[in-house]
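> Residue numbers (the working numbering), protein chains in the order written: chain A, 10 to 168; chain B, 10 to 168. One structure, as structure tokens, below. Some questions next.
Protein chains: 2
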Amino acid sequence: MSAEITVLDRLLEITVLLQQDLARSFEATGLTLARTHLLWELRRLGPSPQQSLATALKVSARNITGLVDALEATGFVSRGPHPTDRRATLVALTELGARTMSAMEVEHAQLSEQLVAGLSESHVAQLAAGLEAVAERLRTLVESSGSEAAAKANQRAQS
Amino acid sequence: MSAEITVLDRLLEITVLLQQDLARSFEATGLTLARTHLLWELRRLGPSPQQSLATALKVSARNITGLVDALEATGFVSRGPHPTDRRATLVALTELGARTMSAMEVEHAQLSEQLVAGLSESHVAQLAAGLEAVAERLRTLVESSGSEAAAKANQRAQS
DNA sequence: TATTGTTATACTCTATAACTATA
DNA sequence: TATAGTTATAGAGTATAACAATA
Numbered sequence: 010m011s012a013e014i015t016v017l018d019r020l021l022e023i024t025v026l027l028q029q030d031l032a033r034s035f036e037a038t039g040l041t042l043a044r045t046h047l048l049w050e051l052r053r054l055g056p057s058p059q060q061s062l063a064t065a066l067k068v069s070a071r072n073i074t075g076l077v078d079a080l081e082a083t084g085f086v087s088r089g090p091h092p093t094d095r096r097a098t099l100v101a102l103t104e105l106g107a108r109t110m111s112a113m114e115v116e117h118a119q120l121s122e123q124l125v126a127g128l129s130e131s132h133v134a135q136l137a138a139g140l141e142a143v144a145e146r147l148r149t150l151v152e153s154s155g156s157e158a159a160a161k162a163n164q165r166a167q168s
Numbered sequence: 010m011s012a013e014i015t016v017l018d019r020l021l022e023i024t025v026l027l028q029q030d031l032a033r034s035f036e037a038t039g040l041t042l043a044r045t046h047l048l049w050e051l052r053r054l055g056p057s058p059q060q061s062l063a064t065a066l067k068v069s070a071r072n073i074t075g076l077v078d079a080l081e082a083t084g085f086v087s088r089g090p091h092p093t094d095r096r097a098t099l100v101a102l103t104e105l106g107a108r109t110m111s112a113m114e115v116e117h118a119q120l121s122e123q124l125v126a127g128l129s130e131s132h133v134a135q136l137a138a139g140l141e142a143v144a145e146r147l148r149t150l151v152e153s154s155g156s157e158a159a160a161k162a163n164q165r166a167q168s
């Protein structure tokens, strides 16, 4: 019983620590978490209309406008015309943006190794499997909450 | 090599999912993450001066003023005089605040169980041990970055 | 009519600096 | 002099709603 609580508590602790570590690695570039997240997706997707980024980041279109404004002003991305849709703009990584993301990818790989340094192959495999199981349960919870959220809110509002 | 990457990537995914799930559970109460965090600490510490809360949450005193303002306006906490130091105010949970935190504690326990539901006792124990190892490495990284951060920033600024 | 992106507006979290009242 | 909390100011992230240009 207390063992289960420990897993969640450890995950919450790790959540905080990971964010601190990521924030530290951004400091040197002047980037923030939200802006880096956008760059990271852009590297994965290639040049994209803002609408695609809004969907990928699960964030409003207005929010993307602001993030791209800031990233454009600091030289990490550029806006260009969409080849076929004149309503849309294509956001692309600049050379600086691409270089920054490459460096971040290296740091990501280093952190991956450091996190499990000293653990045996089999322990790492077990850990990965356990995390996959936890992630699967969380995915189910979050997805199902989409439909339950409204019902719950109504329930409590009436009580 | 790719196994290590999987552990970090899983943790990052879980980080996002956990925050979504927590946000969902706040929705019903009208609380936000930052305000709930304050209430959670208050429940642990008991009635506290704002300065103690600033230290516990690792956040500026100004920030605490804003959070307590909002929580006071919505009835979750109350401000009272400090018995011996007339400069300080004592922040305490109201009956609503205490009731809300009790409910949240129950949800926390339920989530703990759901996360590892279906896993055997020994798997859960292994998972907890693996997470403890990862957390330990992260703690070391974040602590050491405190002194390294300045040096790294200088390095990159010069290159 | 529907979609893309922007302007307008607003709220939350966060920080630093200056100031007041007390220690 | 130092500390607790507030006011003043600022910036980042987020959201909804109204609007223009284009599909």
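Here a beta-carbon is modelled for each residue, glycine too, at the ideal position from N, C-alpha and C.
If contact means a Cβ-Cβ distance below 9 Å, which residues of the segment 99-130 of chain B contact chain A?
Per Cβ criterion, the list reads His117, Ala118, Leu120, Ser121, Glu122, Gln123, Leu124, Val125, Ala126, Gly127, Leu128 and Glu130.
> Measure the alpha-carbon distance for A/Lys161 versus A/Leu150 and round it to whole angstroms.
Because A/Lys161 sits at a pLDDT of 41, beneath the cut-off of 50, its placement in the model cannot be relied upon, and the point is left open.
> By Cβ distance, which residues of its chain are closer than 7 Å to A/His91, with the 5 residues on each side in sequence left out?
Around A/His91: Pro58, Ala97, Thr98 and Leu99.
> By a C-beta neighbour count over all protein chains shown, 10 Å radius and 16 as the cutoff for buried, is B/Arg19 buried or exposed?
By the neighbour-count rule (16 or more Cβ atoms within 10 Å), B/Arg19 is buried.
> Should B/Ser69 go down as buried or exposed, given a rule of 16 or more other Cβ atoms within 10 Å for buried?
Exposed.
> In whole angstroms, what separates the C-alpha of B/Glu22 from that of A/Leu102?
So the two alpha carbons sit approximately 24 Å from each other.
> Can you tell me whether DSSP reads A/Gln75 as helix, strand or coil?
Looking at the sequence shown, residue 75 of chain A is not Gln but Gly. Looking at A/Gly75 - three-state DSSP - the assignment turns out to be helix.
> Starting from the beta carbon of A/Ala144, find every residue of chain B whose beta carbon is closer than 8 Å, and list them in chain order.
By Cβ distance, chain B contributes Arg19, Glu22, Ile23 and Leu26.
> What is the rounded straight-line gap between the Cα of B/Leu47 and the Cα of B/Thr24?
Taking the straight line joining both Cα atoms gives about 20 Å.
> Can the beta-carbon of A/Val77 be found closer than 8 Å to that of A/Gly106?
No, they are not a contact pair.
> What span of residues does the alpha helix (DSSP H) with A/Val125 cover, start to end?
That residue, A/Val125, is in no alpha helix (DSSP H); it is neither H nor E in DSSP.
> Bridge partners for B/Ala88 per DSSP, in chain order?
Note that residue 88 of chain B corresponds to Arg in the displayed sequence, not to Ala. DSSP, once it has assigned bridges, lists B/Val100 as partnering B/Arg88.
> So B/Arg44 is in the alpha helix (DSSP H); what residue range does that whole segment cover?
Its alpha helix (DSSP H) spans residues Leu42 to Leu54.
> Might you give, ordered along the chain, the residues of its own chain that have their beta carbon closer than 6 Å to the beta carbon of B/Gln29, omitting 5 neighbours on each side?
Taken in chain order, the list of residues that qualify is empty.
> Does the distance from the C-beta atom of B/Val133 to that of A/Leu136 stay below 8 Å?
Not a contact, by the Cβ cut-off of 8 Å.
> Alpha carbons only, please: which of A/Ser61, A/Asn72 and A/Thr83 is nearest the one belonging to A/Thr38?
Cα-wise, what sits closest to A/Thr38 is A/Thr83.
> If you check the beta carbons only, do A/Leu66 and A/Arg44 fall under 8 Å apart?
No; because the gap between Cβ atoms is not below 8 Å, this pair is not in contact.
> Kindly indicate which three-state DSSP category B/Ser57 falls into: helix, strand or coil?
Three-state result, B/Ser57: strand.
> What is the DSSP secondary structure of A/Asp94, reduced to helix, strand or coil?
Reduced to three states, the DSSP call for A/Asp94 is coil.
> With a threshold of 6 Å on Cβ separation, who are the neighbours of A/Glu145 within its own chain once the five nearest residues in sequence on each side are excluded?
Counting only Cβ-Cβ distances below 6 Å, and skipping sequence neighbours, we find nothing.
> Quick check: what's the CA-CA separation for B/Ser168 versus A/Trp49?
Confidence at B/Ser168 is low in this model, with a pLDDT of 34, below 50, so its placement is unreliable and the value that follows should be read with caution. So the two alpha carbons sit approximately 24 Å from each other.
> Which term fits A/Leu62, buried or exposed, when burial requires 16 or more other beta carbons within 10 angstroms of its beta carbon?
Burial call: buried.
> For A/Val68, name the three-state secondary structure that DSSP assigns.
Note: A/Val68 maps to coil in three-state DSSP.
> Name the chain B residues that come within less than 9 Å of A/Val68, Cβ to Cβ?
Within chain B, no residue comes near A/Val68; the closest Cβ sits about 12 Å away, beyond 9 Å.
> Whose C-alpha, out of A/Gly139, A/Gly127, A/Leu124 and A/Ser129, is nearest the C-alpha of B/Gly127?
The option with the nearest alpha carbon to B/Gly127 is A/Gly139.
> Can you tell me whether B/Thr109 is buried or exposed, with buried defined as 16 or more other CB within 10 angstroms of its CB?
Buried, because 16 or more other Cβ atoms sit within 10 Å of the Cβ of B/Thr109.
> Measure the Cβ-Cβ separation of A/Leu147 and B/Leu147 and say whether it is below 8 Å.
No, the pair does not count as a contact, with Cβ atoms beyond the cut-off.
> Closest to B/Gln94 by CA distance: which of B/Leu54, B/Gln60, B/Thr74 and B/Ser129 is it?
Per the sequence presented here, residue 94 of chain B reads as Asp, with Gln not at that position. Taking only the C-alpha atoms, the option nearest B/Asp94 is B/Gln60.
> Quick check on A/Ala142: buried or exposed, where buried means 16 or more other Cβ atoms within 10 Å of its Cβ?
A/Ala142 is buried by the Cβ-count criterion.
> Against chain A, with Cβ distances strictly below 8 Å, would B/His132 count as a contact?
Yes, B/His132 counts as interfacial toward chain A.
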